[in-house]
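To start, the structure under review is shown below, and the notes come after it.
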Amino acid sequence: MIQFDPNATHKCVVKTMAGFEELLYDELTDLGIQNITRMTRAVSFDGETADIYRVNYYSRFAIRVLVEIHTYKAFDDKRLHSKAMQFDWSSLMTIDDTFAIDSAVHSDFHTHSQFAALRVKDAIADFFMEKQGKRPSVDIKRPDFRINVHIEKQYVTLSLDSSGASLHKRGYRTSTFEAPLNEVLAAGMIKLSGWDGSSAFWDPMCGSGTLVCEAAMMAYNIAPQVNRDRFGFKKWSNFNQELWDKIREERPETRDKEVKIFASDLEARSVSIAKEHLDNLRLSHLVKVEQQDIFKSQSPAEKGTMIINPPYGVRLEKDQIEKFYDEMSGYIKHKLPGWDAWIFTSNRDALKRFGLRPSKKITLYNGALQCAFWKYEIFAGKRKEHKA
Numbered sequence: 001m002i003q004f005d006p007n008a009t010h011k012c013v014v015k016t017m018a019g020f021e022e023l024l025y026d027e028l029t030d031l032g033i034q035n036i037t038r039m040t041r042a043v044s045f046d047g048e049t050a051d052i053y054r055v056n057y058y059s060r061f062a063i064r065v066l067v068e069i070h071t072y073k074a075f076d077d078k079r080l081h082s083k084a085m086q087f088d089w090s091s092l093m094t095i096d097d098t099f100a101i102d103s104a105v106h107s108d109f110h111t112h113s114q115f116a117a118l119r120v121k122d123a124i125a126d127f128f129m130e131k132q133g134k135r136p137s138v139d140i141k142r143p144d145f146r147i148n149v150h151i152e153k154q155y156v157t158l159s160l161d162s163s164g165a166s167l168h169k170r171g172y173r174t175s176t177f178e179a180p181l182n183e184v185l186a187a188g189m190i191k192l193s194g195w196d197g198s199s200a201f202w203d204p205m206c207g208s209g210t211l212v213c214e215a216a217m218m219a220y221n222i223a224p225q226v227n228r229d230r231f232g233f234k235k236w237s238n239f240n241q242e243l244w245d246k247i248r249e250e251r252p253e254t255r256d257k258e259v260k261i262f263a264s265d266l267e268a269r270s271v272s273i274a275k276e277h278l279d280n281l282r283l284s285h286l287v288k289v290e291q292q293d294i295f296k297s298q299s300p301a302e303k304g305t306m307i308i309n310p311p312y313g314v315r316l317e318k319d320q321i322e323k324f325y326d327e328m329s330g331y332i333k334h335k336l337p338g339w340d341a342w343i344f345t346s347n348r349d350a351l352k353r354f355g356l357r358p359s360k361k362i363t364l365y366n367g368a369l370q371c372a373f374w375k376y377e378i379f380a381g382k383r384k385e386h387k388a
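Numbering of the sequence shown is given in this note's numbering, commencing with residue 1 and proceeding in unit increments.
In structure tokens form, the structure reads like this:
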């Protein structure tokens with residue numbers, strides 16, 4: 001019977017978004033993680049319990065930290081089930097714990113990810129029924145244990161999700177908002193922009209404030225999960241509260257330094273929600289948030305980085321979108337000399353209306369939407385004078 005040893009060194013896979021693999025690699029290196037391997041939308045490493053805690057708490061670009069517990073070959077669904085039953089699930093969970101299954105399948109032998117998840121779910125239930133005469137319950141929303149099934153050709157990897165809920169759920173967002181920006185996506189965009197806190201940061205269409213919340217946490221060295229209490233590993237039999245407390249004190253916050261961060265929005269409700277989310281992080285006194293029309297506003301600083309996440313074309317008429325991008329390019333060109341302006345949008349056609357030439361083009365994804373993240377360097381005077 002194969003058992004899960006919570007005190008062993010584990011092979012871990014840290015999931016992220018497409019385009020953030022290098023950011024995650026560098027971040028984990030900075031956290032002291034060793035033997036990191038780059039993957040597609042992920043990195044892997046061999047780590048101890050402390051490393052698992054550390055990545056979950058401090059990584060801004062991780063979505064989930066998966067810990068490998070069982071691997072085998074399965075050329076058909078019957079073997080997928082039977083080999084999963086050979087694992088000693090009682091070494092991991094009890095009959096009273098709830099669980100859920102996530103799955104990703106890339107195989108000619110197993111063509112449906114949901115069916116593969118169902119077979120492993122049945123294997124866990126059958127294991128406990130055979131051993132204890134009772135099945136544990138499934139809870140897809142807030143399970144005690146989340147199991148990940150990954151199948152590549154005939155190779156099956158079962159992993160324990162040490163994060164539980166996705167790590168983009170930082171815990172500071174308490175009000176609902178239409179199409180909010182994913183926190184991991186926001187953090188990655190800020191890092192890719194090159195902003196390091198030495199100049200101003202401005203989100204002039206802040207919505208619920210995700211970009212400025214993430215920017216402020218970066219600038220003041222605030223751990224991304226400072227407001228989150230629930231993690232998958234807290235249900236493990238070896239959960240070490242003393243070690244967890246020690247790790248959370250490894251990197252002191254630096255709230256006393258001066259950083260210029262600004263947010264604004266035309267809608268009063270957006271401004272109110274952004275302030276609420278900043279207040280949840282005890283950052284509302286450090287970030288200036290105002291209700292204002294971007295086209296009527298003045299530059300909040302002499303130089304800095306601005307990231308704009310404008311309304312998507314799916315929510316506005318085509319002529320409105322084109323007019324907006326025309327006005328935006330004019331505003332940036334004439335009102336923001338010395339700034340780097342970044343536009344994040346899924347509407348590449350609308351970007352053609354932008355009267356400026358991008359100095360950098362990055363492709364990212366917001367859910368299933370392919371998006372452009374383009375940089376525009378705004379020079380005072382003529383561009384060629386700055387190249388001389």
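Positions of the beta carbon are idealized from the N, C-alpha and C atoms, including for glycine.
Buried or exposed for residue i, please, with buried defined as at least 16 other CB atoms from any protein chain shown within 10 angstroms of its CB.
i, result
"residue 148", "buried"
"residue 168", "buried"
"residue 252", "exposed"
"residue 305", "buried"
"residue 469", "No answer is possible for residue 469: the residues shown for the chain start at 1 and end at 388."
"residue 114", "exposed"
"residue 142", "exposed"
"residue 295", "exposed"
"residue 388", "Below a pLDDT of 50, predicted positions are generally treated as unreliable, and residue 388, at 43, falls in that range; no measurement from the model is reported."
"residue 281", "buried"
"residue 164", "buried"
"residue 75", "exposed"
"residue 309", "buried"
"residue 56", "buried"
"residue 138", "exposed"
"residue 391", "Not covered by the structure: residue 391. The range shown for the chain is 1 to 388."
"residue 197", "buried"
"residue 245", "exposed"
"residue 368", "exposed"
"residue 111", "exposed"
"residue 203", "buried"
May I have the straight-line CA-CA distance separating residue i from residue j, to the nearest angstrom?
i, j, result
"residue 254", "residue 222", "8 Å"
"residue 333", "residue 80", "59 Å"
"residue 178", "residue 269", "11 Å"
"residue 173", "residue 208", "8 Å"
"residue 17", "residue 379", "32 Å"
"residue 94", "residue 64", "23 Å"
"residue 337", "residue 330", "12 Å"
"residue 176", "residue 132", "43 Å"
"residue 262", "residue 185", "19 Å"
"residue 28", "residue 5", "24 Å"
"residue 19", "residue 130", "45 Å"
"residue 191", "residue 24", "11 Å"
"residue 107", "residue 123", "20 Å"
"residue 237", "residue 283", "36 Å"
"residue 166", "residue 257", "31 Å"
"residue 275", "residue 302", "24 Å"
"residue 58", "residue 370", "27 Å"
"residue 385", "residue 290", "Because residue 385 sits at a pLDDT of 48, beneath the cut-off of 50, its placement in the model cannot be relied upon, and the point is left open."
"residue 341", "residue 105", "39 Å"
"residue 32", "residue 226", "20 Å"
"residue 319", "residue 353", "11 Å"
"residue 363", "residue 127", "45 Å"
"residue 376", "residue 343", "8 Å"
"residue 402", "residue 96", "Outside the displayed span of the chain (1 to 388) sits residue 402, for which this structure offers no information."
"residue 266", "residue 292", "5 Å"
Contact defined as beta carbons within less than 8 Å: I believe residue i pairs with residue j. What is the distance between those atoms, to the nearest angstrom?
i, j, result
"residue 61", "residue 187", "6 Å"
"residue 49", "residue 243", "7 Å"
"residue 140", "residue 117", "Contact flag wrong, Cβ pair sits at about 10 Å."
"residue 206", "residue 264", "6 Å"
"residue 77", "residue 41", "Contact doesn't hold; Cβ gap of about 26 Å is too wide."
"residue 44", "residue 11", "7 Å"
"residue 321", "residue 347", "6 Å"
"residue 66", "residue 161", "6 Å"
"residue 109", "residue 154", "6 Å"
Among the options, which residue has its Cα nearest to the Cα of residue i?
i, options, result
"residue 279", "202, 210, 257, 230", "210"
"residue 374", "46, 25, 105, 359", "359"
"residue 82", "72, 191, 90", "72"
"residue 13", "36, 58, 192", "36"
"residue 69", "46, 54, 97", "46"
"residue 361", "367, 368, 351", "351"
"residue 22", "182, 150, 189, 96", "189"
"residue 277", "240, 323, 215", "215"
"residue 125", "109, 30, 84, 325", "84"
With 8 Å set as the bound, which would you pick, yes or no: does the beta-carbon of residue i sit closer than that to a beta-carbon of chain B?
i, result
"residue 157", "The chain labelled as chain B is not found in the depicted structure, where only one protein chain is given."
Going along the chain, which unbroken runs of the alpha helix (DSSP H) with 4 or more residues stay wholly within the region 255-339?
268-280, 318-335
Unbroken beta strand (DSSP E) runs of length 3 or more, entirely within the region 340-384: which are they?
360-366, 369-377
In the region 37-65, which residue ranges form an unbroken beta strand (DSSP E) of at least 3 residues, counting only runs that do not cross its ends?
37-39, 42-47
What are the uninterrupted segments assigned as beta strand (DSSP E) that are 3 or more residues long and contained completely in the region 93-137, given in chain order?
99-106
Alpha helix (DSSP H) runs wholly inside the region 154-237, at least 4 long, in chain order
183-193, 210-219
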